[in-house]
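*Asks:* Under this note's numbering, think of the first position of the sequence shown as 5, with each following residue one higher.
One structure, pasted below without further comment.
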Amino acid sequence: MHKRFVITEALEHALRNRLQDDARAAVLAWTAVRAYYDGFDRWTVAAPGADLRPLVAEELAHLRAAAADPAVRTG
5 MHKRFVITEA LEHALRNRLQ DDARAAVLAW TAVRAYYDGF DRWTVAAPGA DLRPLVAEEL
65 AHLRAAAADP AVRTG
């Protein structure tokens, strides 16, 4: 869990410098890292040769949908 926090904080710092918007940087960093780790969890049990990228993209889509309309269940 410490590693995830360190990665998220580093990404947030980079986004904060780029975007000049602390709140947006925090949300984007935490969302991106969450999508990656959820996709990675799915990838570890997927069929051999599975591509990680679409799994992460699907997780990101679920998070975006949840943020857009919290009342809709996406998963």
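C-beta: ideal position from N, C-alpha, C; glycine also.
Among the residues of its own chain, which have a CB less than 7 Å from the CB of LEU23, if the five just before and after it don't count?
*Replies:* Locating residue 23 in the sequence shown gives position 19, counting from the first residue. Cβ within range, chain order: ALA29.
*Asks:* Helix, strand or coil, according to DSSP, for PRO74 in the structure here?
*Replies:* Taking the sequence shown and counting its residues from 1, one reaches residue 74 at position 70. In the three-state reduction of the DSSP assignment, PRO74 falls in the coil class, being assigned neither a helical nor a strand state.
*Asks:* Taking 8 Å as the cut-off, decide whether the C-beta atoms of LEU67 and THR35 are in contact.
*Replies:* Here residue 67 is taken as the residue at index 63 of the sequence shown, counted from 1. Here residue 35 is taken as the residue at index 31 of the sequence shown, counted from 1. Contact flag set, yes.
*Asks:* Using C-beta distances below 6 Å, list every residue in its chain close to LEU32, excluding the 5 sequence neighbours before and after it, in chain order.
*Replies:* As a first step, residue 32 must be located in the sequence shown, where it is residue number 28. If we look at LEU32 and ignore the five residues flanking it on each side, its Cβ neighbours are LEU19.
*Asks:* For PRO52, which of helix, strand or coil comes out of DSSP?
*Replies:* Here residue 52 refers to the residue found at position 48 when the sequence shown is read from its first residue. Note: PRO52 maps to coil in three-state DSSP.
*Asks:* CB GLU13 to CB ALA39, shorter than 8 Å?
*Replies:* Indexing the sequence shown from 1 puts residue 13 at position 9. Indexing the sequence shown from 1 puts residue 39 at position 35. In this structure, ALA39 does not lie closer than 8 Å to GLU13 by Cβ.
*Asks:* Going along the chain, which residues of its own chain have a beta-carbon closer than 6 Å to the beta-carbon of LEU59, five neighbours each way excluded?
*Replies:* In the sequence shown, residue 59 corresponds to position 55, counting from 1. If we look at LEU59 and ignore the five residues flanking it on each side, its Cβ neighbours are GLY43, ARG46 and TRP47.
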